[in-house]
Each structure stands twice: as C-alpha cells, then as structure tokens.
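The next block holds one structure in the form of structure tokens; read it before the comments.
Numbering (this note's numbering), first residue to last: 465 to 840.
Right, dumping it as structure tokens:
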C-alpha cells in the first residue's frame, strides 16, 4: 500500500490540475465570443481577491483569484461573472455593439456551449496523444476464461462466447464490458451474446466486489467473473487517432451519465458523490504515481468539468443554454425577474451540493469516525 502524499503536494497537484482545465474552459467562451465581436472586460481564473493580473490591448483584465475553484469571463453587458444582464440601455453605442446580451440568441448559445466543448476537446487531444504513443485498447469482446464460482459460471457463460450487449448497452470490446459492469454492483442485467455464431441471452445479477486501491481506499464495483484471453493495444493510422479518442471520450461521458442516473434513481448510494476535497486528494495521489497518470487524470477531470457544466442548472452553462433554447422558441428572452429567481435557486442548489459533497469527502477521509472515538 502506498503512503498518502503530503498535504502541500495534494494542494499543488490540485491547483495544477484544476487551473489549466478552468483556463481551457473559459478560453473556449472567450475565443468564440471574440469571433462574434463580443468584448470581454475580465478573464479570471479563480474567485475572490486578485493576486495577480494584467490588462491586454483590448482592455480585458486577465487575473488570478485567491480561491482556485473555478473562473469566469465577464463580457461587455454582463452584470457579473455569472453573465446576468446589466441595463443594456445604459451602455455606450460602442459597448452596445460589443455587448454579449445584444447578440443573436444563436451566437450567445454557441459562446456558452464553447466552454464545455473546449474541455471535451482537451480530453480528446490527450487521449489521441496516448493512443499515438501506446495504441488503442481494443481487446476483443470474447470470453477467454471464467472464474470458478462466479456469476458468469452460474448463468452458463463459457469461454469463446462473444458478449455483444449488457444492461442495454452495446459491447464492442472487453474494455466496454468492464466499463459497463463496474458501475453496476448487485444489479440485475440482461446479457446478449453469440456462441458458435448463434445469438443467445441470459439474465444475471452481477456480483459485488470491494476493491482497494494503492492508497488503501476501498470502493464497490460490479463483478461478472469473465476474463479476456489477452489485452490488445492496437496501433492505428494517424488519421484515425482523433475519431478513436472521440469515441473513447464519448464512452467515458456515457459512464458518467450512467452513474449520475443510478444515483438519481437510488440504485447507487449518494456516498459515491465527491467534491473538491476528494478531487484534490485524487489529484495528489495520481500526481504521486507519475506524470503519465496525472495527465490521464487531467483528461478525466476535463470530461467531468465539461459534463457538469452542461447540466441544466442555472448558474452553470447548461442553465444558460436552456434559457437561450426557450428564447429561440418563444422569440423573446426569459424575463430578467425569472432569470434572477432561477439563478438564486441554482446558486442555492450548488451551495447545498458543495456542502453535501464536502461532508461526504470528510466521511471518506474517516474524520467523523475519528471525532466519534474522541467524543466517546
């Protein structure tokens, strides 16, 4: 078991991971906004008191805030960093021409969408670089062996079976199979397969396996009990790297959607939700394992950041996109009062989620158990 990295290392790794991802996210907003002629007053990485900054020749203030938990671009016409509209009539004619809120709704939609898409693009580029160096993991979806006493043995799976679908999701490789199974501890699933060219299907209740990582942390995963014959890392032509990396990123995003749906429907415990403290711990742990592991984590964090920001929650990019979609259908903007109430509700929801995940993080660190022993 590896020792936990020191606190200072965890903090440095967390900032080194989150800072570039936030920068890429906000840069996506900024570049598309510039393309459409929108002016930017502030480009901030972090919140709170400014610890460093400079002005560029276009009048944009680029700065770093003291609280490294996000960032924002404040465009001309914004009331604040959350892009709530200011009084557009009070703007000068020059600023009205550059105001974000006076641009066509489709341009505003694309500007907001560009942030999450930039995070997905970063992940795709990272995975493409890995695939160029190491190959693409494409182990055939054929059962090599069956673990004795496993779920697979109980339901009659056999070596040579080609698993084509599980839990309603297509299986093209053994990597797909593992990705789907690990998210479903104890879940009843339908398995479709081919045996000697003939289609078959069986139902199985996946097993539950408690895994312990290098740092002694335990987590529950689903278990089927099948093994691949041999892992394959396939070399592909350069022109196929981006499509393969895109497909891989889509698969990981689908897993996140799957996991979130399980939590919402009660099939997975809310204890699995982690917050900034857990992210910092994971960043420190992966950084301590080496540069390769840390960059791989950056790609996964980048997908997480893009995915979370697309959720239809006011204050997040997804909430703005919902407003713009409604505006496009109604042919008029959602009222400022309605937006204000929605943003207040969204902020309350995000703060509640932050408190909840922080409590979860502290529990996973064993803090409450230690406090209980002290009090008892």
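Even for Gly, the Cβ is constructed at its ideal location relative to N, Cα and C.
Fill in: Inter-residue spacing [alpha-carbon to alpha-carbon] between residue 832 and residue 823
Residue confidence for residue 832 is low, a pLDDT of 48 falling below 50, so the modelled location carries little weight; the figure read from the coordinates is stated next. Just so you know, the alpha carbons of residue 832 and residue 823 end up roughly 9 Å apart.
Worksheet item: Between the beta-carbon of residue 512 and the beta-carbon of residue 528, is there less than 8 Å?
Response: Residue 512 is not a Cβ neighbour of residue 528, given a cutoff of 8 Å.
Worksheet entry | DSSP beta-bridge partners of residue 536 | In the DSSP output, where bridge partners are listed per residue, residue 536 has 508.
Worksheet item: Could you give the C-beta distance for residue 670 and residue 645, rounded to a whole number, given that I count them as a contact under 8 Å?
Response: Indeed, because the Cβ distance is near 6 Å, the residues count as touching under 8 Å.
Worksheet entry | Neighbourhood of residue 790 by C-beta distance below 8 Å, restricted to the same chain and skipping five residues each side | 798.
Worksheet item: Going by C-alpha distance, which of 481, 530, 775 and 472 is nearest residue 755?
Response: The shortest C-alpha separation from residue 755 is found at 481.
Worksheet entry | residue 593 versus residue 600 - alpha carbon distance | Distance from the CA of residue 593 to the CA of residue 600, rounded to the nearest whole angstrom, comes to 10 Å.
Worksheet item: Along the chain, which unbroken stretches of the alpha helix (DSSP H) at least 4 residues long are found entirely within the segment 661-702?
Response: You should have found no qualifying run.
Worksheet item: residue 567: buried (16+ other C-beta within 10 angstroms of its C-beta) or exposed?
Response: Buried is the call here.
Practice prompt. Give the DSSP-derived three-state secondary structure of residue 501 in the structure shown.
Written response: Here residue 501 sits in coil by DSSP.
Worksheet item: How long is the line joining the alpha carbons of residue 816 and residue 775, rounded to whole angstroms?
Response: The alpha-carbon atoms of residue 816 and residue 775 are separated by roughly 16 Å.
Worksheet item: Hey, would you say residue 541 sits closer than 8 Å to residue 556, going by beta carbons?
Response: Cβ atoms of residue 541 and residue 556: not closer than 8 Å.
Worksheet item: Where residue 704 and residue 803 are concerned, what is the direct C-alpha to C-alpha distance, given to the nearest angstrom?
Response: Using only the alpha carbons, I get a separation of about 44 Å.
Worksheet item: What number of angstroms, rounded off, separates the C-alpha of residue 636 from the C-alpha of residue 800?
Response: Near 48 Å, if we compare the C-alpha coordinates of residue 800 and residue 636.
Worksheet item: Where do the N-terminal and C-terminal ends of the beta strand (DSSP E) with residue 524 fall, by residue?
Response: Run containing residue 524: none; DSSP gives neither H nor E here.
Worksheet item: What separation, rounded to the nearest whole angstrom, lies between the Cα atoms of residue 560 and residue 721?
Response: Each residue's alpha carbon lies about 39 Å from the other.
Fill in: Straight-line gap, residue 530 to residue 763 (C-alpha atoms, nearest Å)
So the two alpha carbons sit approximately 25 Å from each other.
Worksheet item: Among 532, 588 and 552, which one has its Cα closest to the Cα of residue 539?
Response: Closest by alpha carbon: 552.
Practice prompt. Report the partner residues of residue 629 according to the DSSP bridge assignment.
Written response: Residue 629 pairs with 634 and 656.
Worksheet item: Which residue comes first and which comes last in the alpha helix (DSSP H) that contains residue 770?
Response: Boundaries of the alpha helix (DSSP H) harbouring residue 770: 755-773, taken from the DSSP string.
Worksheet item: DSSP on residue 708, reduced to helix/strand/coil?
Response: Three-state DSSP puts residue 708 in a helix.
Discussion item. For residue 793, report the span of its alpha helix (DSSP H) as first-last.
Written reply: Counted as a single uninterrupted DSSP element, the alpha helix (DSSP H) harbouring residue 793 occupies residues 781-794.
Practice prompt. Count the other C-beta atoms from every protein chain shown that fall within 10 angstroms of the C-beta of residue 695, then say buried if there are 16 or more, exposed otherwise.
Written response: Exposed, since its Cβ has fewer than 16 Cβ neighbours within 10 Å.
Worksheet item: DSSP three-state call for residue 622: helix, strand or coil?
Response: Note: residue 622 maps to coil in three-state DSSP.
Fill in: Pair within 8 Å by beta-carbon distance, residue 497 and residue 524
8 Å or more divides the Cβ of residue 497 from the Cβ of residue 524.
Discussion item. For the alpha helix (DSSP H) containing residue 777, name the first residue and the last one.
Written reply: Careful: residue 777 lies outside any alpha helix (DSSP H) and carries neither H nor E.
Fill in: Backbone CA spacing between residue 477 and residue 667 [nearest angstrom]
Taking the straight line from one Cα to the other gives about 44 Å.
Worksheet item: Relative to the alpha-carbon of residue 711, which residue among 691, 758 and 591 has its alpha-carbon at the smallest distance?
Response: Ranking the options by Cα distance to residue 711, first place goes to 591.
Worksheet item: To which residues does DSSP link residue 847 through a beta bridge?
Response: Nothing can be reported for residue 847, as the shown portion of the chain is limited to 465 through 840.
Item to complete: Report the three-state DSSP secondary structure of residue 542 (helix, strand or coil).
Response: The answer is strand: DSSP assigns residue 542 an E or B state.
Item to complete: For residue 661, count neighbouring Cβ atoms within 10 angstroms of its own Cβ and tell me buried if that reaches 16, exposed if not.
Response: With fewer than 16 other Cβ atoms inside 10 Å of its own Cβ, residue 661 counts as exposed.
Worksheet item: Within this structure, are the beta carbons of residue 702 and residue 672 separated by less than 8 Å?
Response: Not in contact: residue 702 and residue 672 (Cβ atoms no closer than 8 Å).
Worksheet entry | 8 Å contact criterion, which residue 765 and residue 485 should meet: CB distance rounded | Contact between residue 765 and residue 485 is confirmed by a C-beta separation of about 6 Å, below the 8 Å threshold.
Practice prompt. Compare the beta carbon distance of residue 778 and residue 747 with 8 Å and say whether it is the shorter of the two.
Written response: No.
Discussion item. Rounding to the nearest angstrom, what Cα-Cα distance links residue 771 and residue 607 in this structure?
Written reply: Residue 771 and residue 607 have their C-alpha atoms roughly 33 Å apart.
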